[in-house]
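The next block holds one structure in the form of structure tokens; read it before the comments.
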Amino acid sequence: MLDDVLGLLRCPVCGEGLGRSAAGPVRCAAGHSFDVARQGYLNLLTGAPAPGTADTAAMVAAREGFLASGHYAPLTQAITTAATELVHAAPGNGCVVDVGAGTGRHLGAVLDALPGRVGLALDVSKYALRRAARAHPRAGAVVWDVWRPFPVADGVASLVLDVFSPRNAAEFHRVLVPGGGLLVVTPAPGHLRELAAPLGLLTVDERKDERLGQALGTWFRAGYRTDLTVPMLLTHEQVAAVVGMGPSARHIDPAELPVRIATLPSPVEVTATFHVSRYIRRADSGAGESVGE
Ligand SMILES: C[S@@+](CC[C@H](N)C(=O)[O-])C[C@H]1O[C@@H](n2cnc3c(N)ncnc32)[C@H](O)[C@@H]1O
Ligand SMILES: [Zn+2]
19 MLDDVLGLLR CPVCGEGLGR SAAGPVRCAA GHSFDVARQG YLNLLTGAPA
69 PGTADTAAMV AAREGFLASG HYAPLTQAIT TAATELVHAA PGNGCVVDVG
119 AGTGRHLGAV LDALPGRVGL ALDVSKYALR RAARAHPRAG AVVWDVWRPF
169 PVADGVASLV LDVFSPRNAA EFHRVLVPGG GLLVVTPAPG HLRELAAPLG
219 LLTVDERKDE RLGQALGTWF RAGYRTDLTV PMLLTHEQVA AVVGMGPSAR
269 HIDPAELPVR IATLPSPVEV TATFHVSRYI RRADSGAGES VGE
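Written out as structure tokens, the structure is:
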């Protein structure tokens, strides 16, 4: 529930703590006020996010449907295993922040494995947060743009979870307790390879992993990586969902996609491949420090 995470949040305008009386709006001491949607998520975002970033209603519906099919259950299991390792290695009893949480399914599974911890789902898509707000009794959902300073207090998180979502390393570092964990899941080269050519999907950049390490290196020490391969047998409807929930959905003509899917065998063998990468928060960033003062 939102009330579980209010104490971790900060007013995005003035940085004060936030509170709420009964079922009214959320307010800070300076009087800035933010609406809680009927579906239970809190909108702290003032102004519009960059266009073309938020998942649309259709993408979220595709994601919900595909994740419910169970084909990505091995991924959810791998995330849960890595997340519990990282949380138990971190000091204190901090929360789990899922950045670009989508429907909150992975966050819900992680919280199930961590009794007593609370979770915060951040996403810029209201359609996603309608689901994420109900993903777990100990989770709250907040509309936010990952490219802005997070409306979250310093050092309150034991774990930041980032599954196929944009990454803001400096903010991940700030909200984590020293020694806290960052878990990043990315598609590996060859992800959905059987669909790439027939459907014209975007392919995974082979150097993505190297760039990820460079981007996070200032703030995090790399832990170990698990490579996961998931063979699947998909119906045409499931193929439409797995494509419709991903980045290619923005690039393929929606009228053309069913025509291309119809050329595939049914069911069709499709391989999903992921990197599940662990990082540990450095005590300081090592960047911009002044020495000898
Ligand atoms: C590929 S989906 C992954 C969702 C979820 N982590 C999962 O694995 O099911 C990427 C998510 O990031 C969100 N997103 C994209 N740009 C964002 C931004 N600038 N700030 C916050 N969330 C963003 C999208 O709305 C979407 O829900
Ligand atoms: Zn304020």
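Converting from the sequence shown to our numbering requires adding 18 to each position, the first position being numbered 1. All residues carry an ideal CB built from backbone N, CA and C; glycine is no exception.
- According to the DSSP assignment, M77 belongs to the alpha helix (DSSP H) that extends over A75 to A86.
- Going down the chain, each residue whose beta-carbon is closer than 6 Å to a heavy atom of ligand 2 shows up: C29, V31, C32, E34, C46, A48 and H50.
- Remark: C-beta atoms of G112 and V164 do not approach each other more closely than 8 Å.
- Scanning its chain for C-beta atoms nearer than 7 Å, with the 5 sequence neighbours on each side dropped, one finds around E82 the residues T121 and R149, in chain order.
- DSSP assignment within the region 250-277 yields the following whole alpha helix (DSSP H) runs of 4 residues or more, N-terminal first: 254-262.
- Counting only the Cα atoms, A47 lies some 17 Å from L60.
- Taken in chain order, the complete alpha helix (DSSP H) segments of 4 or more residues contained in the region 182-243 are 187-193, 211-217 and 226-235.
- By DSSP's assignment, C46 forms a beta bridge with L36.
- Secondary structure of R123 (DSSP, three-state): helix.
- Contact between A157 and G134 does not hold, since the beta-carbon distance rounds to 13 Å and is not under 8 Å.
- Taken from the Cβ of D130, every heavy atom of ligand 1 lies 7 Å or farther away.
- Short note on G264: C-beta closer than 7 Å to some heavy atom of ligand 1.
- With a cutoff of 8 Å on beta-carbon distance, L234 and T204 are scored as not near each other.
- Residue pairing by DSSP places E287 opposite L251 in a beta bridge.
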